[in-house]
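Structure first, then comments.
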Amino acid sequence: MHFLNQKIEFPDVSEATFDGLLAVGGDLSTERLMHAYKNGIFPWFDAQEPILWWSPDPRFVLFPQDLRVSKSMKKILKQGNFEVTKNTAFEQVITNCAKAKRKGQHGTWITEDMQQAYINMHELGLATSVEVWQNNELVGGLYGVDLKNMVFCGESMFAKVSNASKVAFITLVQESDYKLIDCQLHTRHLESLGGKHIPRAEFLLYL
0 MHFLNQKIEF PDVSEATFDG LLAVGGDLST ERLMHAYKNG IFPWFDAQEP ILWWSPDPRF
60 VLFPQDLRVS KSMKKILKQG NFEVTKNTAF EQVITNCAKA KRKGQHGTWI TEDMQQAYIN
120 MHELGLATSV EVWQNNELVG GLYGVDLKNM VFCGESMFAK VSNASKVAFI TLVQESDYKL
180 IDCQLHTRHL ESLGGKHIPR AEFLLYL
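Counting from 1, position 88 in the sequence shown corresponds to residue 87 in numbering that gives the first Met the number 0; the numbering is continuous, with no gaps.
Written out as C-alpha cells, the structure is:
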C-alpha cells in the first residue's frame, strides 16, 4: 500500500492489494480526482478514515448493449409517471445519495468533503447527474464522472420511490453514447440490469 503526498501521482494499479486498495492519503482536488479516474482509480472511504484509493480486479461494468430492461420496467417507463432530466439538480442528487440508507452500512462514504469535490467537478463539466422527478419532487437520481472518451464512472444513486433509481440508470444508458459504464463494485441491483465483471486490464483499455 502506498501513502500519497502532495504530488499528483499514483502507483501502478498492479500494486493494489487483493481487494483493490491501492493508496492512502492525498487530497480530493479536481486535478487528482481526474488523474485517478483516467487511470482506473477511485476514492472510497468513510469519515473516520483517511482518503482511500481503489482499483479492484476484476472491475464491475455495464456495456450499454448488454442493458437488460425487464417487461415491468418497460411498462413503468412507458407510463410516463416520471420526468427525467440531466444536470439540473446535481447538488440535490449528491446530497440525497449521501443521506440514503443502505443495507449493512452505517453512515455514508459521501462525506461533506466528497460532496464538495464532486460539485466542483460538476461546475467544470466533469461530473454529471441524472434526476428523476414525480409531481415536481426529486424522487431519484444518480451522479458520476464523465470521462470524455465515452466512459461514465458511476458513483452513487438513490431512490425515494420504487424504481426511481432504475429509471435514472436506464435513461442514462439509453440516451447517451457511452461505450462503457463503470459500476466499480458489484451490486445485485446493477447485475440485474446487465452489469458484469471484466478483468481490470480490459477495463483500462477503455480509458
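Note that CB positions come from ideal geometry on N, CA and C, so glycine has one too. The model shown is predicted, which means the values in this text are computed figures rather than measured ones.
Across the structure, Y117 and A126 are spaced so that their CA atoms are roughly 7 angstroms apart. A distance below 7 angstroms between beta-carbons, with the five flanking residues on each side excluded, links G39 to the following residues of its chain, in chain order: V12, S54, R199, F202, L203, L206.
When the Cα atoms are used, L179 and L146 turn out to be separated by approximately 10 angstroms. Looking at the backbone, the Cα of F2 and that of F9 are separated by about 9 angstroms.
Excluding its 5 nearest sequence neighbours in each direction, Q91 has C-beta neighbours in its own chain below 7 angstroms: L137, listed in chain order. Scanning its chain for C-beta atoms nearer than 8 angstroms, with the 5 sequence neighbours on each side dropped, one finds around T94 the residues Q114, in chain order. For Y205, the uninterrupted alpha helix (DSSP H) segment begins and ends at 199-205. Counted as a single uninterrupted DSSP element, the alpha helix (DSSP H) harbouring A167 occupies residues 163-173. A direct Cα-to-Cα measurement between H121 and W52 gives close to 20 angstroms. The beta carbons of S128 and A163 sit about 14 angstroms from each other, so the pair does not count as a contact at 8 angstroms. By DSSP's assignment, V150 forms a beta bridge with L146, L179.
The residues M0, H1, F2, L3, P49, I50, L51, W52, in chain order, have a CB closer than 8 angstroms to that of V23 in the same chain once the five nearest residues on each side in sequence are set aside. Along the region 54-139, the alpha helix (DSSP H) occurs as fully enclosed runs of 4 or more residues at 70-78, 89-98, 111-122, listed in sequence order.
According to the DSSP assignment, A22 belongs to the beta strand (DSSP E) that extends over 20-24. With 16 or more neighbouring CB atoms inside 10 Å of its own CB, D181 falls in the buried class. Shown here for V144: same chain residues with a beta carbon closer than 6 angstroms to its own, the five before and five after excluded, namely Y36, A126, C152 in chain order.
In the pairwise beta carbon analysis, the region 73-86 is classified as not touching the region 14-28: fewer than three pairs are separated by under 8 angstroms. About 5 angstroms separates the CB atoms of G139 and A167; that is less than 8 angstroms, so the two are in contact.
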